[in-house]
Amino acid sequence: MAEGQLRRAYDQAREVELLASIARVVLEAVDATSALSAAAKVMRRHCDFAVSHVLVPDVDGVLVTSDIWDVDDGHVEFLDRVMTATADEGFGPSSGLPGDMASSHVPEWFPDLRHAPSHLRQEAIPSGSYWAFPVIAGVDVTAVMEFFHPTPRGTDERLLRLAPSVGAQLGSAFEREWLFRRQEADRRHLEELVAARTQDIARIERRGREVEDVRAAFVAYLVHENARVARSLEAVSGTLHGEVKSAIEGIVRLADQLAGVVEGVDRRLIGRRELIGPSELLASVAGPFEKDARIVLTVAEDLTDGTKFDLSVPYVQRALSELIENAARHSGSEVVELSGRLDSGSFTVEVRDSGIGFTWPQNGLRPTGGGGLAQVARLASALGGSLEVRAAEPKGTIARLQVATRERGPAPWASRSTRVLLVDDNEVNRRLAGAMLDRIGLRADVVDGGEAALAALRSSAYGLVFMDVQMPGVDGREATRIWRRSTGFASPADIPIVALTAHVGKQEREECTEAGMNDYLSKPFGIEDLGAMAKRWLEPGQTGRSDAR
Numbered sequence: 003m004a005e006g007q008l009r010r011a012y013d014q015a016r017e018v019e020l021l022a023s024i025a026r027v028v029l030e031a032v033d034a035t036s037a038l039s040a041a042a043k044v045m046r047r048h049c050d051f052a053v054s055h056v057l058v059p060d061v062d063g064v065l066v067t068s069d070i071w072d073v074d075d076g077h078v079e080f081l082d083r084v085m086t087a088t089a090d091e092g093f094g095p096s097s098g099l100p101g102d103m104a105s106s107h108v109p110e111w112f113p114d115l116r117h118a119p120s121h122l123r124q125e126a127i128p129s130g131s132y133w134a135f136p137v138i139a140g141v142d143v144t145a146v147m148e149f150f151h152p153t154p155r156g157t158d159e160r161l162l163r164l165a166p167s168v169g170a171q172l173g174s175a176f177e178r179e180w181l182f183r184r185q186e187a188d189r190r191h192l193e194e195l196v197a198a199r200t201q202d203i204a205r206i207e208r209r210g211r212e213v214e215d216v217r218a219a220f221v222a223y224l225v226h227e228n229a230r231v232a233r234s235l236e237a238v239s240g241t242l243h244g245e246v247k248s249a250i251e252g253i254v255r256l257a258d259q260l261a262g263v264v265e266g267v268d269r270r271l272i273g274r275r276e277l278i279g280p281s282e283l284l285a286s287v288a289g290p291f292e293k294d295a296r297i298v299l300t301v302a303e304d305l306t307d308g309t310k311f312d313l314s315v316p317y318v319q320r321a322l323s324e325l326i327e328n329a330a331r332h333s334g335s336e337v338v339e340l341s342g343r344l345d346s347g348s349f350t351v352e353v354r355d356s357g358i359g360f361t362w363p364q365n366g367l368r369p370t371g372g373g374g375l376a377q378v379a380r381l382a383s384a385l386g387g388s389l390e391v392r393a394a395e396p397k398g399t400i401a402r403l404q405v406a407t408r409e410r411g412p413a414p415w416a417s418r419s420t421r422v423l424l425v426d427d428n429e430v431n432r433r434l435a436g437a438m439l440d441r442i443g444l445r446a447d448v449v450d451g452g453e454a455a456l457a458a459l460r461s462s463a464y465g466l467v468f469m470d471v472q473m474p475g476v477d478g479r480e481a482t483r484i485w486r487r488s489t490g491f492a493s494p495a496d497i498p499i500v501a502l503t504a505h506v507g508k509q510e511r512e513e514c515t516e517a518g519m520n521d522y523l524s525k526p527f528g529i530e531d532l533g534a535m536a537k538r539w540l541e542p543g544q545t546g547r548s549d550a551r
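Everything in the sequence shown is counted per my numbering, starting at 3 for the first residue and increasing by one.
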């Protein structure tokens, strides 16, 4: 009895060892084929058969031979017989021993092949033992693993019970491989979609910029021609009398009104103007091209003392980028010189290269056409300036971009005190924000509405205003408009006003900017956000619009 218990314990230990080995094979295999190959070796050694082999279905579902074989060193001649018998054989549903198992999904053991039905390889392997089991993934037979021995062997019921579990584990390797392939296919498909969509977006954006450039150039031309006609009529009206003079003066007034409308459209097309220093502007456009050529930046000495220009920065940057790209990437020049200076109310930038050289017809005139340089010329016109391209001596090209600007010194609040005005109609918000300002070392006056804010601004000097947008009565935007009008917008008495709003969408930001607000801080905000915003607008040299919050 003790011997029987020991035998059962031994058999159980071997079963556990076999299942653990198969599980390890499946986990470590890189694909289903390598899992089958390793498992065929493990299973052959476990059952102590001479040869193991794996049959796989072809495109028609017929089981055919594969490259997976394993053999005991003492039975190489027997392996040759089995391989020869199997090489050209195919096992369809219920055809031969493997076909029967593929149809029934049930493993089978034949102790003596002389008594096996449907033994299609009987001529080469007339006798011996044979057993096999199907590998199943889902409901599909993905392989049949078969084992041969040259002499009869008794049925191992224990192995027959374990075979379905082994087949299912090996089937999971196929399922994992299929899942990986589907994921890879989906990933490639998504990448193709993203690439196509990115190209579409880039094409739309490029077309949009071209259309915008044309519209901007047209508006600039319309403004210029309208002003020329109005001034000509104005000059003529001085020599006229009576009804004719009145009619001419009426036309002049209409022309001036039209100029105002067109200039308003011009501002919307070209974008809002921003303060930027000349060195900062040139450095911002030179950076992306430093890998193509050495960029040498030069700024006139009289522009390095904190002077800032009021420009439509994105459009100027786009124009300069086109010129630098032409010089750095297309001319073959190793060095590109970029210099800026102030010329009678206009900011002039020269881009000089020493490459192959390029000039437009009628040297120095504006280009025509739809290329990059032609777009720069249209942008320059829309920005109130011009573009000239000339040959440099002894070789190379000089592109000169001139844009109209308003020069300003350092921002007026850069040297103001740290006294802050906080405007909010909600008492809880006032208390919280006031406490935060106090903690970061700022002295704050707190008021509860737009009218109170205007009164405070008229009576005291502040370095910064935090203004709630949504308030009863005079709201934050209206209070800002009134204050900006009263100070002439760009006067030295002007101070930055930061909008406090829970709505920071594009429309809300545009409305705040149009009202004269300088920045946005979204509610709810923390002490770090508030401190960073105050630092941006109060510290010298830290002026400028913040990123979206």
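Here a beta-carbon is modelled for each residue, glycine too, at the ideal position from N, C-alpha and C.
With respect to the 8 Å criterion, GLU513 and ARG538 are not classified as neighbours on the basis of their beta carbons. A Cβ-Cβ separation of about 5 Å places ILE24 in contact with GLN171 under the 8 Å criterion. By the Cβ neighbour-count rule, PHE182 is exposed, with fewer than 16 other Cβ atoms within 10 Å of its own.
Residue VAL425 holds the alpha-carbon nearest to the alpha-carbon of ALA454 among VAL425, GLY98 and GLU5. Scanning its chain for C-beta atoms nearer than 6 Å, with the 5 sequence neighbours on each side dropped, one finds around VAL53 the residues VAL73, LEU81, VAL84 and PHE150, in chain order. Look at VAL471 here: in three-state DSSP terms it is coil, with no helix or strand label.
Taking the Cβ atoms as the reference, VAL146 lies roughly 6 Å from ALA134, within the contact range of under 8 Å.
Taking a cut-off of 8 Å on C-beta distances, the region 14-31 touches the region 152-169, as three or more cross pairs fall below it. Closest in C-alpha terms to ALA536, from the list LEU502, VAL353, ALA329 and ALA89, comes LEU502. Per DSSP, the beta bridge partners of VAL298 are GLU339. About 6 Å separates the CB atoms of VAL378 and LEU325; that is less than 8 Å, so the two are in contact. The continuous alpha helix (DSSP H) containing ARG460 extends over residues 452-461.
Distance from the CA of ALA457 to the CA of SER323, rounded to the nearest whole angstrom, comes to 46 Å. Here the C-alpha atom of GLY130 lies approximately 28 Å from the C-alpha atom of ARG10. Under DSSP, MET85 shares a beta bridge with no residue. For GLY101, the number of other beta carbons within 10 angstroms of its own is at least 16, and it is reported as buried. Between the beta-carbon of LEU344 and that of ILE297 there is about 21 Å, and that puts the pair past the 8 Å contact cut. Under DSSP, HIS151 forms a beta bridge with SER131. Across the structure, GLY140 and TRP180 are spaced so that their CA atoms are roughly 11 Å apart. Inclusion of GLU336 and PHE291 in the CB contact set at 8 Å is not warranted, their separation being larger than that value. If you draw a 10 Å sphere on the C-beta of GLY475, you find fewer than 16 other C-beta atoms in it, and that means exposed. Taking 8 Å as the cut-off, the beta carbon of PHE468 is found closer than this to the beta carbon of VAL500. Taking the Cβ atoms as the reference, VAL44 lies roughly 11 Å from ALA37, outside the contact range of under 8 Å.
ARG205 has its alpha-carbon roughly 47 Å from the corresponding atom of ASP60.
Distance from the Cα of VAL422 is smallest, within the candidate group ASP158, GLY533, ASP62 and ALA481, for GLY533. Using a C-beta cut-off of 8 Å, the region 386-405 makes contact with the region 351-358, since at least three inter-stretch Cβ pairs fall below that distance. Bounds of any alpha helix (DSSP H) do not take in ASP72; it lies within the beta strand (DSSP E) bounded by 65-73. Counting only residues of its own chain and dropping the five nearest sequence neighbours on each side, ASP114 has a CB closer than 8 Å to the CB of SER129, GLY130, SER131 and PRO154.
LYS293 carries a coil assignment under DSSP once its states are collapsed to helix, strand and coil. The secondary-structure analysis by DSSP pairs ALA446 across a beta bridge with VAL422. Just measuring C-alpha positions, the residue of ARG487, LYS293, GLN319 and GLU352 sitting nearest ALA302 is GLU352.
Within the region 90-145, the runs of beta strand (DSSP E) that reach at least 3 residues and sit entirely inside it are, in chain order, 110-112 and 131-139. Checking the DSSP bridge columns, you'll see GLN404 partnered with THR350 and SER388. Membership of LYS310 in the beta strand (DSSP E) is indicated by the continuous run 310-313.
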